[in-house]
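The structure under discussion appears below in the form of structure tokens.
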Amino acid sequence: MSLFAYVPGTTAWRTRRHDEICRETYDHIQEIVDGEVTAAKAKQLARHLSECPPCELEAEAIKGLKQAIARVGCEADPELLQRLDELARKLCSRRDH
Amino acid sequence: MATVEHGEEQTEPSDDQVRRFEELIVPEMPFLARIARAMSHSQAEADDLAQDTLVKAFRAIDRFDGRYPRAWLTRIARNTAINRDQRNREFVLAEDGVVEPDPAPDEISDPEDIVLGQEIDETLRTALDDLPPDFRIVVQLVDVEDMSYQEAADVLDIPIGTVMSRLHRARSRLRRALSGTALDREAKT
Chain A
1 MSLFAYVPGT
11 TAWRTRRHDE
21 ICRETYDHIQ
31 EIVDGEVTAA
41 KAKQLARHLS
51 ECPPCELEAE
61 AIKGLKQAIA
71 RVGCEADPEL
81 LQRLDELARK
91 LCSRRDH
Chain B
98 MATVEHGEEQ
108 TEPSDDQVRR
118 FEELIVPEMP
128 FLARIARAMS
138 HSQAEADDLA
148 QDTLVKAFRA
158 IDRFDGRYPR
168 AWLTRIARNT
178 AINRDQRNRE
188 FVLAEDGVVE
198 PDPAPDEISD
208 PEDIVLGQEI
218 DETLRTALDD
228 LPPDFRIVVQ
238 LVDVEDMSYQ
248 EAADVLDIPI
258 GTVMSRLHRA
268 RSRLRRALSG
278 TALDREAKT
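As given, the protein sequences belong to chains A and B, one line each in that order. If you're matching positions, the first sequence starts at 1 in this note's numbering and goes up one per residue. If you're matching positions, the second sequence starts at 98 in this note's numbering and goes up one per residue.
As structure tokens, then:
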């Protein structure tokens with residue numbers, strides 16, 4: 001790597017910084033989407049997301065998956081719910097017998 | 098399957114026990130049904146787990162401080178599932194917890210989108226069923242019940258790093274399963 005990569009303001013420096021932030025963002029993209037990074041870090045990485053199509057695409061893919069999982073996962077089996085309801089009533093009414 | 102008679106204690110429940118159970122636990126039965134399914138390999142197994150957990154919760158309600166009923170139920174269900182799996186020896190449920198989903202309103206309204214949404218949901222439902230329970234429960238807790246990594250780690254009694262790695266691996270599996278569906282095509286556009 002060119003020494004210019006360590007000279008602030010140069011094109012090589014900007015490329016190196018971008019690559020570093022890109023790697024960091026990609027490594028933590030799950031935590032970003034899940035809201036598990038600090039506000040300061042989230043702000044820094046959000047800026048990168050808006051400028052880096054591959055990272056943005058990955059974040060959008062995880063967001064879309066989360067939304068779909070939330071939609072499917074909120075379903076509870078109605079027959080089991082009915083059985084639990086009956087069991088709860090039996091438990092609470094035993095003392096009356 | 099759990100029954101009221103199974104392992105029945107001799108003492109009668111008190112008024113306070115019944116009142117606290119009805120107040121704190123009964124409203125969380127849909128949550129219990131969801132996490133039991135997430136911790137189980139089949140719906141039949143989930144039925145047993147949910148009912149066993151409910152009976153244990155009823156018996157232990159006097160010792161419950163009343164805070165965070167979902168976390169409390171999750172821990173009971175998790176311990177029950179571990180004992181079940183140790184008995185069965187078919188699966189090892191080493192470190193999963195439970196989650197409670199808040200149904201996210203689906204804003205899809207266009208007929209074509211509804212069809213695409215159904216395609217995704219069916220494929221995803223199957224893929225979720227195919228996940229090992231220890232992966233599925235982490236997904237359930239974080240993505241459906243909206244728990245933080247730390248909260249999921251606490252109720253499952255596993256390290257937060259395990260939550261993250263299981264979540265990552267589970268999502269990777271789900272994304273592979275969804276490859277070619279509308280969700281995948283949308284992500285690639």
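Ideal Cβ placement from N, Cα and C applies to all residues, glycine included. Please read these numbers as outputs of a predicted model, since none were measured by experiment.
Length of the line joining the Cα atoms of residue i and residue j
i: Leu129 (chain B); j: Ala147 (chain B); result: 6 angstroms
i: Asp203 (chain B); j: Leu3 (chain A); result: Its pLDDT being 42, under 50, Asp203 (chain B) is placed unreliably in this model, and the coordinates cannot settle the point.
i: Asp145 (chain B); j: Asp182 (chain B); result: 12 angstroms
i: Tyr246 (chain B); j: Val37 (chain A); result: 11 angstroms
i: Pro124 (chain B); j: Leu228 (chain B); result: 28 angstroms
i: Glu51 (chain A); j: Glu31 (chain A); result: 19 angstroms
i: Glu119 (chain B); j: Pro78 (chain A); result: 20 angstroms
i: Pro53 (chain A); j: Thr223 (chain B); result: 31 angstroms
i: Ala61 (chain A); j: Ala267 (chain B); result: 14 angstroms
i: Leu84 (chain A); j: Asp254 (chain B); result: 26 angstroms
i: Gln67 (chain A); j: Asp240 (chain B); result: 8 angstroms
i: Ala76 (chain A); j: Arg167 (chain B); result: 15 angstroms
i: Gly9 (chain A); j: Asp34 (chain A); result: 33 angstroms
i: Gln287 (chain B); j: Ser111 (chain B); result: With chain B represented from 98 up to 286, any question about residue 287 (chain B) goes unanswered, as that position is not in the structure.
i: Val260 (chain B); j: Met244 (chain B); result: 11 angstroms
i: Ala154 (chain B); j: Ala39 (chain A); result: 38 angstroms
i: Ser276 (chain B); j: Leu91 (chain A); result: 46 angstroms
i: Arg184 (chain B); j: Glu242 (chain B); result: 29 angstroms
i: Asp218 (chain B); j: Thr11 (chain A); result: 46 angstroms
8 angstroms CB neighbourhood of residue i in its chain, flanking five on each side removed
i: Thr15 (chain A); result: Ala5
i: Leu225 (chain B); result: Arg233, Val236 and Leu271
i: Cys55 (chain A); result: Cys22, Thr25, Tyr26, Ile29, His48 and Leu49
Residues near residue i in its chain [Cβ-Cβ closer than 7 angstroms; skip 5 each side]
i: Gln114 (chain B); result: Ile158 and Asp159
i: Trp169 (chain B); result: Phe161
i: Ala143 (chain B); result: Ala133, Arg134 and Ser137
i: Ala274 (chain B); result: Thr220 and Ala224
Residue i at chain A interface by Cβ criterion, 8 angstroms
i: Val235 (chain B); result: no
i: His138 (chain B); result: no
i: Ser245 (chain B); result: yes
i: Asp231 (chain B); result: no
i: Asp145 (chain B); result: no
i: Ile217 (chain B); result: yes
i: Phe155 (chain B); result: yes
i: Asp203 (chain B); result: Summary for Asp203 (chain B): the model assigns pLDDT 42, below 50, so the residue's position carries little reliability, and this model does not support an answer.
i: Gln148 (chain B); result: yes
i: Glu119 (chain B); result: yes
Short CB-CB distance (under 8 angstroms) between residue i and chain B
i: Leu81 (chain A); result: yes
i: Ile69 (chain A); result: yes
i: Ile32 (chain A); result: no
i: Glu36 (chain A); result: yes
Beta-carbon proximity list for residue i, same chain, < 6 angstroms, skipping 5 on both sides
i: Arg263 (chain B); result: Phe232 and Val235
i: Val7 (chain A); result: Trp13
Inset, instruction - Identify every run of the alpha helix (DSSP H) within the segment 104-145 of chain B, keeping only runs that are complete inside it and at least 4 residues long; order them along the chain. - result: Those alpha helix (DSSP H) runs which fall completely within the segment 104-145 of chain B and span 4+ residues are 112-117 and 126-135.
Inset, instruction - Could you tell me which uninterrupted alpha helix (DSSP H) segments, each at least 4 residues in length, are contained entirely in the segment 32-56 of chain A, listed from first to last along the chain? - result: Whole alpha helix (DSSP H) segments, 4+ residues: 39-51.
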